[in-house]
Structure formats: C-alpha cells, structure tokens
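Chemist: 127 is the number of the first residue of the sequence shown in the numbering used here; add one for each residue after it.
For each residue, glycine too, the CB sits at the ideal point set by N, CA and C.
Everything numeric in this text was worked out from a predicted model, so none of it was measured.
Right, I'll just put the structure down here and ask away after.
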Amino acid sequence: MAKTLLALDRRGFVKAAAGLLAMTVMPSGLVVGNAWAQMPRSTKPETFVTLVQMSRDCYPHEAVTDPYYANAVNVLDEAARSSEADLALLEDGVAKLDAAAREKGGTDYKSLPNEADRVAILEALGEADPFFQKVRSNLVVGLYNQKNLWPIFGYEGASADKGGYIERGFDDIDWV
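Okay, here's the thing in structure tokens:
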C-alpha cells in the first residue's frame with residue numbers, strides 16, 4: 127500500500143513539475159504558457175509573443191503548437207536585428223494591434239480571449255498594410271518550411287530524388 131502511495135505521489139510530483147517546466151518567464155517578467163527555444167534578440171518580448179499569437183490567428187492549425195509559430199516569428203526577429211526599419215515596422219505594428227484591442231475592451235492583442243475579436247482586428251488592419259504583409263509573407267515560408275510539420279499537413283517532402291511522384295503517392299489522396 128505504501129509503495130502505491132509513493133508511486134502516486136511521485137507521479138503527481140512529476141506531473142506538477144512538467145507543468146512548471148512548460149511555463150517560462152521572459153526577462154521582462156512576461157509569463158508565457160509555452161517554453162520556446164527562441165528568445166527575442168531585437169524585438170521586445172511582448173512584441174515577440176504578440177507576433178506568435180498573430181501568426182496563429184493568420185494561419186490557425188490545431189495540431190501545430192506555439193513553438194513552431196515561434197520558429198517562424200524568430201526569422202522576423204533576426205531580420206530586425208540588422209534593420210532598424212524592420213524593427214520599427216514590427217514594434218509599431220504590434221502597437222497598432224494593441225491599441226485596437228484596447229478599443230475592444232482588452233488590455234492588448236495577445237490577451238484578447240476571443241479569436242474572432244483578434245481576427246476582426248487583423249481584418250480592420252487590412253491585407254495591404256505593410257506590417258501585415260511582412261508578417262504574413264514571412265509565415266508562408268517560415269511556418270510551412272519546417273520539416274517537422276510536414277507530416278501534420280500530409281506532405282511527404284521532395285520526391286525528385288526518389289523518382290518523382292508518379293510511382294510514389296501521386297494518386298494516394300481519396301478526397302478528390
């Protein structure tokens with residue numbers, strides 16, 4: 127009996143510890159629910175987190191976790207290290223998102239609980255907005271070029287070196 131209680135206690139401890147490890151505190155004191163390998167090197171941590179949320183809102187995939195979106199945003203953050211114009215574009219763009227969120231009664235964009243409210247803010251910003259275009263165009267490549275995500279989307283990768291697609295899954299899909 128004592129052995130069972132000890133095992134349950136240990137399991138409970140490990141479960142609680144895993145929950146704590148999944149949370150990270152960024153240098154600014156901002157608490158983020160997922161631990162990411164990336165830390166922003168040019169944008170503010172709050173800007174980085176907002177860009178991850180914006181990325182998820184632009185290209186929502188239930189099966190894709192935030193660290194993959196953070197990988198894509200990291201490309202923007204790295205580019206902003208060598209370009210003051212890019213950095214200003216990102217910081218000012220997030221400030222616009224946050225201002226729009228405050229008009230909806232929120233504190234900032236990333237904290238709005240309703241996805242529809244966040245998407246409405248992006249739609250009001252407009253597709254032609256340079257900030258929106260910068261983030262969106264980065265995501266097309268930054269998100270979908272991550273090889274670890276390809277199986278989620280059903281993409282098997284390049285096939286030219288394996289003889290092409292004709293003999294390798296060309297007609298595998300059953301939904302057409």
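Just the C-alpha distance for residue 266 and residue 292, rounded to the nearest angstrom, thanks.
Modeler: So the two alpha carbons sit approximately 27 Å from each other.
Chemist: When burial is assigned at 16 or more other CB atoms within 10 Å of the CB, is residue 279 buried or exposed?
Modeler: Residue 279 comes out exposed.
Chemist: How many angstroms separate the CA atom of residue 248 from the CA atom of residue 199?
Modeler: Looking at the two C-alpha atoms, the distance is approximately 17 Å.
Chemist: Going by DSSP in three states, residue 165 sits in which element: helix, strand or coil?
Modeler: DSSP places residue 165 in coil when its eight states are reduced to three.
Chemist: As an exercise, report each continuous alpha helix (DSSP H) stretch of at least 4 residues that is fully enclosed by the region 191 to 221, in chain order.
Modeler: Qualifying alpha helix (DSSP H) stretches, in chain order: 192 to 207.
Chemist: In whole angstroms, what is the alpha-carbon distance linking residue 263 and residue 254?
Modeler: Those two C-alpha atoms are separated by around 12 Å.
Chemist: Within a Cβ cutoff of 6 Å, which residues of the same chain sit near residue 268, ignoring the five residues on either side of it in sequence?
Modeler: Correct list, in chain order: 198, 201.
Chemist: Go through its chain and collect everything with a Cβ distance to residue 178's Cβ below 7 Å, but skip five positions before and after it.
Modeler: Contacts found: 192, 195, 196, 199.
Chemist: Can you name, in chain order, every residue of its own chain whose Cβ lies under 7 Å from the Cβ of residue 289, other than the five neighbours on each side?
Modeler: Closer than 7 Å at the Cβ level, and outside the excluded window around residue 289, lies no residue.
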